[in-house]
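*Asks:* First the structure, then my questions, so here it is.
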Amino acid sequence: MLEVVLNDRLGKKVRVKCNEDDTIGDLKKLVAAQTGTKAEKIRIQKWYTIYKDHITLADYEIHDGMGLELYYN
Amino acid sequence: MANRTDPAAKSIRGTNPQNLVEKIVRSKIYQNTYWKEQCFGLTAETLVDKAMELDHIGGTHGGTRRPTPFICLILKMLQIQPEKDIVVEFIKNDDYKYVRVLGAFYLRLTGTDIDVYRYLEPLYNDYRKLRMQSADGKFVLTHVDEVIDELLTKDYACDIAMPRVKKRWTLESHGILEPRKSVLEDDFEEEEEKEENEQMDGVENGGNDEKDYHHGRSPTRERDRDRRPDSHRYRDRDYDRDYDRDRGRGRDRDRDRDRDRDRDRDRYRLRDEKDYGRERDRDRDREREGRDRERRGRDRGGGRRRSPSRSRSRSRDRKRRRSPSPRKNEAEETKKKEKKTSEKKEKKDDGTDHPDPEIAEANRIRASLGLKPLK
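Heads up: the sequence lines are chains A and B, in that order. The numbering of the first sequence is my numbering, which starts it at 1 and goes up by one. The numbering of the second sequence is my numbering, which starts it at 1 and goes up by one.
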């Protein structure tokens, strides 16, 4: 279990608990449940890498406490 | 400026019609090459030509959310605001299904509630296949009537938020709309008649034995629905008079009738769009069911029986009229207890009763989303 921090630099900073084998799509659903935006509207990036929905957090090497960027589609 | 709305266009829902499409999606459309090349200077007539060339519907797809030509044309229609006649022509035309769906979508966004129901419901009869591009870029198969159903029931389609329309039963209760008549109603009626004939044969063979009642399907349908509450009340008064001896038979009758009603209820759900109060009634009744059953076990008599059956609501109130005997009560209660323990076991697997409240909360959200609990 790990905790990821997502920040959109406009006031929304969200801490989400998730498993390593969750996909980015699942992470988006959890973020949507916490922030209230729709899951399809969320885009998770790290610098210019847009994270794809079907790949797991472990494969992207996302560890506990890591910060990701929250953008909107 | 190519992206400005026609100054003569009316404002829709109090705002620039183009604002019906959200800012981010709108910007993506403005930057799209299809918009820039093909949709420049389109009028209502040339729009029809472009619409005929459509071969799929969809919203935005891919990581960068590229828009489909479908929503580019929707935004173009919002920009130029064609007349209602033209939109209705789009919907009525039979040859080009994508033009039809385009017109239907535009009408759903801009039309009044009555127009929406009046013009979109006939499209439920159109069973043709459509190609839809999903959010990840793949094409899926769907049908015209499925798309229309989404437009009428959901509030988000093709990456555009649908404006709210009143529920159908509100308009029906005001008399503005007539109750929905499905094309399949004739088929249902034929089925009913067949079953009624079968049931008649069954009754002749079995005499007055009410147990046969629940083998065949109950003939009470929508037409007889209004008659049923009265026949109930009449029968209950008979029971109240003969308390002890007839309780055995009464119990069986209740059970059979409840079973029938369950089956009928499923059928109602297919056609009956009026009973929106059902969900609420169901929850309330379930809470009361447990309490009432215990009370009824002790209270021998028609006192309890009178009130629920007399209620005019067609909802699950009727289900509450269970058998009053203590032995039956215990059997049902133990069944309920078993269900509860099995549910509790499931919850433990979900992890929602984790000692740490934060984790329990997180697991609850995950369960509601359909994800496994945290490790």
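C-beta: ideal position from N, C-alpha, C; glycine also. Keep in mind it's a predicted model, so treat the numbers as computed, not measured.
Note down the Cα distance separating residue 368(B) from residue 153(B), rounded to an integer number of angstroms.
*Replies:* Indexing the second sequence from 1 puts residue 368(B) at position 368. Indexing the second sequence from 1 puts residue 153(B) at position 153. If I take the Cα positions, the gap works out to 22 Å.
*Asks:* Let me check one thing: in DSSP terms, what residues is residue 58(B) bridge-paired to?
*Replies:* Here the question's residue 58(B) lines up with position 58 in the second sequence. Residue 58(B) is bridged to 133(B).
*Asks:* Looking at C-alpha atoms only, which residue of 58(B), 102(B), 118(B) and 107(B) is the closest neighbour of residue 49(B)?
*Replies:* Here residue 49(B) refers to the residue found at position 49 of the second sequence. Measuring from the Cα of residue 49(B), the nearest candidate turns out to be 102(B).
*Asks:* List, in chain order, every chain B residue whose beta-carbon is nearer than 7 Å to that of residue 1(A).
*Replies:* Reading the first sequence from its first residue, position 1 is the one you call residue 1(A). What residue 1(A) touches in chain B: 374 and 375.
*Asks:* Could you give the first and the last residue of the continuous beta strand (DSSP E) run that contains residue 3(A)?
*Replies:* For the purposes of this step, residue 3(A) is taken as the residue at position 3 of the first sequence. 2 to 7 is the span of the beta strand (DSSP E), which, as asked, contains residue 3(A).
*Asks:* Do residue 141(B) and residue 131(B) have their C-beta atoms within less than 8 Å of each other?
*Replies:* By 1-based counting over the second sequence, the position of residue 141(B) is 141. By 1-based counting over the second sequence, the position of residue 131(B) is 131. Cβ atoms of residue 141(B) and residue 131(B): closer than 8 Å.
*Asks:* Quick one: what does DSSP say residue 44(B) is sitting in, helix, strand or coil?
*Replies:* As a working mapping, residue 44(B) is identified with position 44 in the second sequence. Three-state DSSP puts residue 44(B) in a helix.
*Asks:* Can a CB atom of chain D be found closer than 8 Å to the CB of residue 63(B)?
*Replies:* In the structure shown, chain D cannot be found, because the protein chains are A and B.
*Asks:* Is the separation between the beta-carbon of residue 26(A) and that of residue 371(B) shorter than 8 Å?
*Replies:* Counting from one through the first sequence, the residue named residue 26(A) turns up at place 26. Counting from one through the second sequence, the residue named residue 371(B) turns up at place 371. Their beta carbons are under 8 Å apart, which means residue 26(A) touches residue 371(B) by this criterion.
*Asks:* Are the region 61 to 69 of chain B and the region 18 to 34 of chain B touching, with three or more C-beta to C-beta distances below 8 Å?
*Replies:* A contact between stretches requires three or more CB pairs, one per stretch, nearer than 8 Å, and the region 61 to 69 of chain B meets this requirement with the region 18 to 34 of chain B.
*Asks:* Using 8 Å as the limit for Cβ to Cβ distance, is residue 73(A) near chain B?
*Replies:* As a working mapping, residue 73(A) is identified with position 73 in the first sequence. Yes, because at least one Cβ of chain B sits closer than 8 Å to the Cβ of residue 73(A).
*Asks:* Rounded to whole angstroms, what is the Cα-Cα separation between residue 88(B) and residue 119(B)?
*Replies:* Taking the second sequence and counting its residues from 1, the one referred to as residue 88(B) is at position 88. Taking the second sequence and counting its residues from 1, the one referred to as residue 119(B) is at position 119. So the two alpha carbons sit approximately 8 Å from each other.
*Asks:* Would you be able to state if there are at least three C-beta pairs under 8 Å between the region 8 to 23 of chain B and the region 157 to 168 of chain B?
*Replies:* Result yes; three or more Cβ-Cβ pairs closer than 8 Å.
*Asks:* Restricting to Cα atoms, I'd like to know which of 110(B), 114(B) and 129(B) is closest to residue 75(B).
*Replies:* Along the second sequence, one-based indexing puts residue 75(B) at 75. Of 110(B), 114(B) and 129(B), the residue nearest in Cα terms is 110(B).
*Asks:* To the nearest angstrom, report how far apart residue 361(B) and residue 352(B) are at their CA atoms.
*Replies:* By 1-based counting over the second sequence, the position of residue 361(B) is 361. By 1-based counting over the second sequence, the position of residue 352(B) is 352. So the alpha carbons of these two residues sit roughly 7 Å apart.
*Asks:* Using 8 Å as the limit for Cβ to Cβ distance, is residue 102(B) near chain A?
*Replies:* Position 102 of the second sequence, counting from 1, holds the residue named residue 102(B). No, residue 102(B) lies away from the interface with chain A (no Cβ there is under 8 Å from its Cβ).
*Asks:* At which residues does the alpha helix (DSSP H) containing residue 377(B) begin and terminate?
*Replies:* Lying before the first or after the last residue shown, residue 377(B) is absent from chain B, which here runs from 1 to 375.
*Asks:* Using a C-beta to C-beta distance shorter than 8 Å, which residues of chain B count as neighbours of residue 26(A)?
*Replies:* Taking the first residue of the first sequence as position 1, residue 26(A) is located at position 26. Going along chain B in sequence order, the residues near residue 26(A) (Cβ under 8 Å) are 369 and 371.
*Asks:* The beta strand (DSSP E) with residue 167(B) in it runs from where to where?
*Replies:* One-based indexing of the second sequence puts residue 167(B) at position 167. From DSSP, residue 167(B) is part of no beta strand (DSSP E); its letter is neither H nor E.
*Asks:* Got a sec, what are the start and stop residues for the alpha helix (DSSP H) residue 35(A) sits in?
*Replies:* Counting from one through the first sequence, the residue named residue 35(A) turns up at place 35. Start and end: 24 to 35.
*Asks:* Considering residue 108(B), what are the terminal residues of the alpha helix (DSSP H) in which it resides?
*Replies:* Position 108 of the second sequence, counted from the first residue, corresponds to residue 108(B). Unbroken alpha helix (DSSP H) run through residue 108(B): 97 to 110.
*Asks:* Does the Cβ of residue 29(A) have 16 or more other Cβ atoms within 10 Å, making it buried, or fewer, making it exposed?
*Replies:* Locating residue 29(A) in the first sequence gives position 29, where the first residue counts as 1. Residue 29(A) is buried by the Cβ-count criterion.
*Asks:* Could you tell me which of 67(A), 23(A) and 54(A) sits nearest to residue 47(A), measuring between CA atoms?
*Replies:* Your numbering for residue 47(A) matches position 47 in the first sequence. The option with the nearest alpha carbon to residue 47(A) is 67(A).
*Asks:* Comparing the C-beta of residue 33(A) with each C-beta of chain B, is any distance below 8 Å?
*Replies:* In the first sequence, residue 33(A) corresponds to position 33, counting from 1. Taking Cβ atoms only, chain B reaches closer than 8 Å to residue 33(A), which makes this a yes.
*Asks:* Taking just the CA atoms, how far does residue 63(B) sit from residue 147(B)?
*Replies:* In the second sequence, counting from the first residue as 1, residue 147(B) sits at position 147. In the second sequence, counting from the first residue as 1, residue 63(B) sits at position 63. Cα-Cα distance, rounded: 24 Å.
*Asks:* Buried or exposed for residue 73(B), going by 16 or more other Cβ atoms inside 10 Å?
*Replies:* Here the question's residue 73(B) lines up with position 73 in the second sequence. With at least 16 other beta carbons inside 10 angstroms of its own, residue 73(B) counts as buried.
*Asks:* When the Cα atoms are used, what is the spatial distance from residue 37(A) to residue 201(B)?
*Replies:* Numbered from 1 along the first sequence, position 37 holds the residue referred to as residue 37(A). Numbered from 1 along the second sequence, position 201 holds the residue referred to as residue 201(B). Taking the straight line joining both Cα atoms gives about 59 Å.
*Asks:* Could you pull the DSSP bridge partners for residue 13(A) from this structure?
*Replies:* The residue given as residue 13(A) occupies position 13 in the first sequence. Paired residues: 7(A).
*Asks:* For residue 120(B), report the span of its alpha helix (DSSP H) as first-last.
*Replies:* Taking the second sequence and counting its residues from 1, one reaches residue 120(B) at position 120. Note, residue 120(B): alpha helix (DSSP H), 113 to 120.
*Asks:* Which same chain residues, not among the five before or five after residue 19(A), have their C-beta less than 7 Å away from its C-beta?
*Replies:* Along the first sequence, read from residue 1 onward, the residue named residue 19(A) stands at position 19. The residues are 1.
*Asks:* Identify, in the order they occur along the chain, each residue of the same chain with its Cβ nearer than 6 Å to the Cβ of residue 77(B), setting aside the five sequence neighbours on each side.
*Replies:* Here residue 77(B) is taken as the residue at index 77 of the second sequence, counted from 1. Only 106 meet the Cβ criterion.
*Asks:* Output yes if chain B places a C-beta closer than 8 Å to the C-beta of residue 30(A); else output no.
*Replies:* Taking the first sequence and counting its residues from 1, the one referred to as residue 30(A) is at position 30. So yes, residue 30(A) belongs to the interface.
*Asks:* Would a check of beta-carbon distances place residue 71(B) closer than 8 Å to chain A?
*Replies:* Looking up residue 71(B) in the second sequence gives position 71. So, not an interface residue.
*Asks:* Cβ closer than 8 Å: which chain B residues qualify as neighbours of residue 40(A)?
*Replies:* Locating residue 40(A) in the first sequence gives position 40, where the first residue counts as 1. Chain B residues near residue 40(A): 135 and 159.
*Asks:* Identify the continuous alpha helix (DSSP H) that holds residue 43(A) and give its terminal residues.
*Replies:* Indexing the first sequence from 1 puts residue 43(A) at position 43. Unbroken run through residue 43(A) is the beta strand (DSSP E), 42 to 46; no alpha helix (DSSP H).
*Asks:* Beta carbon of residue 104(B), beta carbon of residue 91(B): below 8 Å?
*Replies:* Taking the second sequence and counting its residues from 1, the one referred to as residue 104(B) is at position 104. Taking the second sequence and counting its residues from 1, the one referred to as residue 91(B) is at position 91. Yes, Cβ-Cβ distance for residue 104(B) and residue 91(B) is below 8 Å.
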